[in-house]
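Just remember that this note's numbering sits 2 ahead of the position in the sequence shown, which is counted from 1. For reference, the structure discussed in these notes is given below.
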Amino acid sequence: MGVVNVMDQLMLNIVVVAEAANPGLWGSFVNFLANVLQLINNITNNYGLSVVLFTILMRLVLLPLDLKARASTKKINELQPLLKEINEKYKYDPDKRNRKTAELYQKHGVNPLGGCLPLLIQIPIFFALFAALRQISSMELGSFLIDVIKHHDPSIIPVLDQITKAVESSSAIKQRMVDIIPQLFIRTDLPIVDQMKEIAGAENVSLLLEAIKNISNQEIYSFLNAQYGAYRFLWIKNIWIADSPLVSVVGRPIELFSNEWNGLFILPILAGVTSYYQTKLANASSGNQQTSGFTAIFPILSVWFTAMYTAAFGVYWVTNNIFQIIQQIVYNRTNSPKGEGVKS
């Protein structure tokens, strides 16, 4: 589980930097994405399907920019013979070479940076989506586990309410109970436990920890099936936990492929395969033969990201890859090379 925390912290640090740059705008954008996803889920009542539809919606919104970038890249590729001539002719005169190159781009209406625009837009969207999924994940998983505790032992409800009130009114603890509870289901020897005991009373916190300890994975799974069908998606039992046979539906470490597994590592495998194919298609389309290293590394990173984070994030990643693969195939077929390059 340590690797999960490292990955989560890395992504969170990037999100924090973005938020610090413009907290109002960033927070509004993250909340907007979260609200759109929640709105879709109100219709589908299944978070996995909602993430699929949300991803497709985002890709459709970006489609005009993406097509414009592809057209720009295609023009630049067609200009390569002329660019090569300029480079050869003025290789000892950099100023004139740059001027002639700029004139060539201007003559043919090409923006050499046009192909970067969708990527520049997608980077903040990616991290905002990560933040939105993290926000929803914390709220949903925490609320679910609080309901599990109350269902397991109704007598603990007043104690839990007292702890919640004390924690969320304290300036010493920066987390909400919905963020803390999932951590306590995995480990109870956390520094925050001592802080909770100081502000909410050691006896109250001990009663809560004992209640959590007595809740079995099977009881949680049964409650999930009975009350939280929106969390299930295909083979995944809880969309807010990693698609892994090594963790239970609340993220507790378990023996490999025990009957309490949350997933089967299918999403990470799909992420790796689709990332490899999508990257290979994109490189072939652009005529770039110098990215074999990236073609190999990116699928590995995709597997790592989707294995370490929530299944909801994995569903987004795989859906995004599949959409881009289909888009690339359609684009290649409708914009196949027609022979000669551009003439000066």
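No residue lacks a Cβ here, since even glycine has one placed at the ideal position from N, Cα and C. Since the structure is predicted, the reported quantities are computational estimates derived from the model, not experimental observations.
Enumerate in chain order the residues of its own chain whose CB-to-CB distance from residue 267 is below 7 Å, with the five nearest sequence positions on each side excluded.
245, 246, 247 and 309
Return the chain-ordered list of same chain residues with a C-beta closer than 8 Å to the C-beta of residue 275, the five sequence neighbours on each side being excluded.
301
Pull up the DSSP beta-bridge partners for residue 238, would you.
235
Below 8 Å on the Cβ atoms is my contact criterion, and I expect residue 153 with residue 56 to pass it. Report the Cβ-Cβ distance as a whole number of Å.
Residue 153 to residue 56, Cβ: 30 Å. No contact.
Note down, one range per segment and in chain order, each alpha helix (DSSP H) of at least 4 residues found wholly within the segment 161-197.
179-188
Quick one: measure Cβ to Cβ for residue 135 and residue 281, integer angstroms, because I've assumed they're closer than 8 Å.
Going by Cβ atoms, the distance from residue 135 to residue 281 rounds to 23 Å, so no, they are not a contact pair.
Of the residues 254, 327, 41 and 124, which one's Cα is nearest the Cα of residue 215?
254
According to DSSP, is residue 332 helix, strand or coil?
helix
Work out the CA separation of residue 64 and residue 240 for me, nearest whole Å.
29 Å
To the nearest angstrom, report how far apart residue 320 and residue 283 are at their CA atoms.
16 Å
Identity of the residue in 329, 252 and 198 nearest residue 161 by Cα
198
Who pairs with residue 255 in a beta bridge, going by DSSP?
249
Starting from residue 262, follow the alpha helix (DSSP H) in both directions and report where the run begins and ends.
Careful: residue 262 lies outside any alpha helix (DSSP H) and carries neither H nor E.
If we ignore side chains and look at the alpha-carbon of each, how far apart do residue 257 and residue 264 end up?
12 Å
Note down the Cα distance separating residue 23 from residue 39, rounded to an integer number of angstroms.
Legend: pLDDT at residue 23 = 45, less than 50; position of this residue unreliable, value from coordinates given subsequently. Rounded to whole angstroms, residue 23 to residue 39 spans 25 Å at the Cα level.
With distances taken from CA atoms, which of 108, 72, 130 and 112 is nearest residue 34?
130
Compare the C-alpha of residue 71 against each of 102, 118, 251 and 47 and name the closest.
118
With respect to the alpha helix (DSSP H) encompassing residue 227, which residues constitute its N-terminal and C-terminal limits?
219-229
Short Cβ contact (8 Å threshold) for residue 76 with residue 88:
no
In this structure, how does DSSP classify residue 312 when only helix, strand and coil are distinguished?
coil
Between the Cα of residue 314 and those of 140, 193 and 78, spot the shortest distance and give me the residue it belongs to.
140
What did DSSP end up calling residue 278 once you bin it into helix, strand or coil?
helix
Determine the burial state of residue 68: buried for a count of at least 16 other Cβ atoms within 10 Å of its Cβ, exposed for fewer.
buried
From which residue to which residue does the alpha helix (DSSP H) around residue 100 run?
96-109
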